[in-house]
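J.: Supplied in structure tokens, the structure appears directly below.
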Amino acid sequence: MKIDRLIGILSVLLQEEKITAPELADKFEVSRRTINRDIEDLCKAGIPITTTQGSGGGIRIMDGYRMDRTLLTSKDMQMILAGLRSLDSVSGSHYYGQLMEKIKAGSSDFVSGRDSILIDLSSWYRDTLAPKIELIQNAVEKKNLLTFQYYAPKGNSKRSIEPYYLVFKWSSWYVWGWCTEKKDFRLFKLNRMDALLIECTTFMPREVPMPNLSDEKIFPGGIKVKALFTRDSQWRLVEEFGVHCFAENEDGTLLFTADYTEKENLLSWLLTFGDKVKVLEPAWVQEELIRIAKNIIKVYDTQNK
Numbered sequence: 355m356k357i358d359r360l361i362g363i364l365s366v367l368l369q370e371e372k373i374t375a376p377e378l379a380d381k382f383e384v385s386r387r388t389i390n391r392d393i394e395d396l397c398k399a400g401i402p403i404t405t406t407q408g409s410g411g412g413i414r415i416m417d418g419y420r421m422d423r424t425l426l427t428s429k430d431m432q433m434i435l436a437g438l439r440s441l442d443s444v445s446g447s448h449y450y451g452q453l454m455e456k457i458k459a460g461s462s463d464f465v466s467g468r469d470s471i472l473i474d475l476s477s478w479y480r481d482t483l484a485p486k487i488e489l490i491q492n493a494v495e496k497k498n499l500l501t502f503q504y505y506a507p508k509g510n511s512k513r514s515i516e517p518y519y520l521v522f523k524w525s526s527w528y529v530w531g532w533c534t535e536k537k538d539f540r541l542f543k544l545n546r547m548d549a550l551l552i553e554c555t556t557f558m559p560r561e562v563p564m565p566n567l568s569d570e571k572i573f574p575g576g577i578k579v580k581a582l583f584t585r586d587s588q589w590r591l592v593e594e595f596g597v598h599c600f601a602e603n604e605d606g607t608l609l610f611t612a613d614y615t616e617k618e619n620l621l622s623w624l625l626t627f628g629d630k631v632k633v634l635e636p637a638w639v640q641e642e643l644i645r646i647a648k649n650i651i652k653v654y655d656t657q658n659k
């Protein structure tokens, strides 16, 4: 733990022009006395650290010092390569692949062991996803407005945003930006975006809040669902909601309870189970499913006439 903390302190000093002992103590959750001992140990190891007292004082590392690569362990390098490899899976260019080759070339005697983590961030839409990600990255870097056609449950619309972050969450990619129409920050799903265009107009970056990506914020619930599923639906319930979302009845059926967010998504999800589910509550969901089933029957009755 001490070695990890020493490396962490050194990393902070290399990034910050100056920092105080109390700030380091808070960051690493240790006492100020421990930080002072750590600074002494770093100095004994030959790290050129200076400290100044009084107002405006603090701990700093001498200009021109560079961290040697060997401060990173073989495991650290494996994690870096795993992260780069995951980004390469959705890259529209050869940048990440070339970066991995640079790291490997300079670390062939340092990186040991086989890869144990493989991450693929692409999807069924890889052919269209990679160009979108690359275009958005360029817009973020150059601070250009981004326009696109957006397909949403409430209808289609043309949007213009100031893009700030690309986000991977809930197995999908999103862009977080300031919507010029809504005058607020919004999260847009890349698979619902079409006709993306980088505008010539640039923008002055705002004070950007980090997107609240908690399930409670994005999927606030509100629809309390109770339903009976057949036993062969168990694997899907576990995969999508976890093992605690249902209780098994004596007859083998599964009593499912959950809070759902959006009406249309709920109905679509239930319909994918066909006759393997019976909704108990709420009553209006039963009525909606019956109405949809009747309309489906009408469609096929019309075709057969």
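Numbering of the sequence shown is given in this note's numbering, commencing with residue 355 and proceeding in unit increments.
Ideal Cβ positions, reconstructed from N, Cα and C, are used throughout, including at glycine.
Keep in mind the model is a prediction, meaning the values are calculated, not measured.
How would you call residue 583, buried or exposed, if buried means at least 16 neighbouring beta carbons within 10 angstroms?
T.: buried
J.: Do residue 486 and residue 544 have their C-beta atoms within less than 8 Å of each other?
T.: yes
J.: Could you name the residues of the same chain whose beta carbon sits closer than 8 Å to that of residue 491, not counting the 5 residues immediately before and after it, in chain order?
T.: 520
J.: Please report the distance separating the alpha-carbon of residue 525 from that of residue 594.
T.: 12 Å
J.: In terms of residues, what are the limits of the beta strand (DSSP E) holding residue 541?
T.: 538-543
J.: Less than 8 Å between the C-beta atoms of residue 576 and residue 615, yes or no?
T.: yes
J.: In angstroms, rounded to a whole number, what distance separates the CA positions of residue 653 and residue 641?
T.: 19 Å
J.: Determine, for residue 503, whether the minimum Cβ-Cβ distance to residues of chain D falls below 8 Å.
T.: The structure shown has no chain D; it contains just one protein chain.
J.: Would you grab the beta carbon distance between residue 606 and residue 585 for me? Rounded to a whole angstrom, and I think it's under 8 Å.
T.: 5 Å
J.: Any chance the segment 537-555 sits against the segment 495-513, with 3 or more Cβ pairs inside 8 Å?
T.: yes
J.: Nearest to residue 513 by CA position, among 542, 390, 494, is which residue?
T.: 542
J.: Where do the ends of the beta strand (DSSP E) carrying residue 501 lie?
T.: 498-506
J.: Grab the span of the beta strand (DSSP E) containing residue 548 for me, first residue to last.
T.: 547-556
J.: Does residue 529 pass the burial test, meaning 16 or more other C-beta atoms within 10 Å, or should it be called exposed?
T.: buried
J.: Which residue spans inside the segment 594-646 form an unbroken alpha helix (DSSP H) run of at least 4?
T.: 617-625
J.: Counting Cβ pairs closer than 8 Å, one from the segment 375-395 and one from the segment 433-443, do we hit at least three?
T.: They do not touch, by the three-pair rule.
J.: Using the Cα positions of residue 367 and residue 410, report the straight-line distance between them to the nearest angstrom.
T.: 16 Å
J.: Quick check on residue 587: buried or exposed, where buried means 16 or more other Cβ atoms within 10 Å of its Cβ?
T.: buried
J.: Measuring CB to CB, does residue 633 end up less than 8 Å from residue 643?
T.: yes
J.: Beta-carbon within less than 7 Å of residue 557's beta-carbon, same chain only, minus the 5 sequence neighbours each way: which residues are those?
T.: Only residues of its own chain outside the window of five on either side were considered, and among them 497, 499, 516 have a CB closer than 7 Å to the CB of residue 557, listed in chain order.
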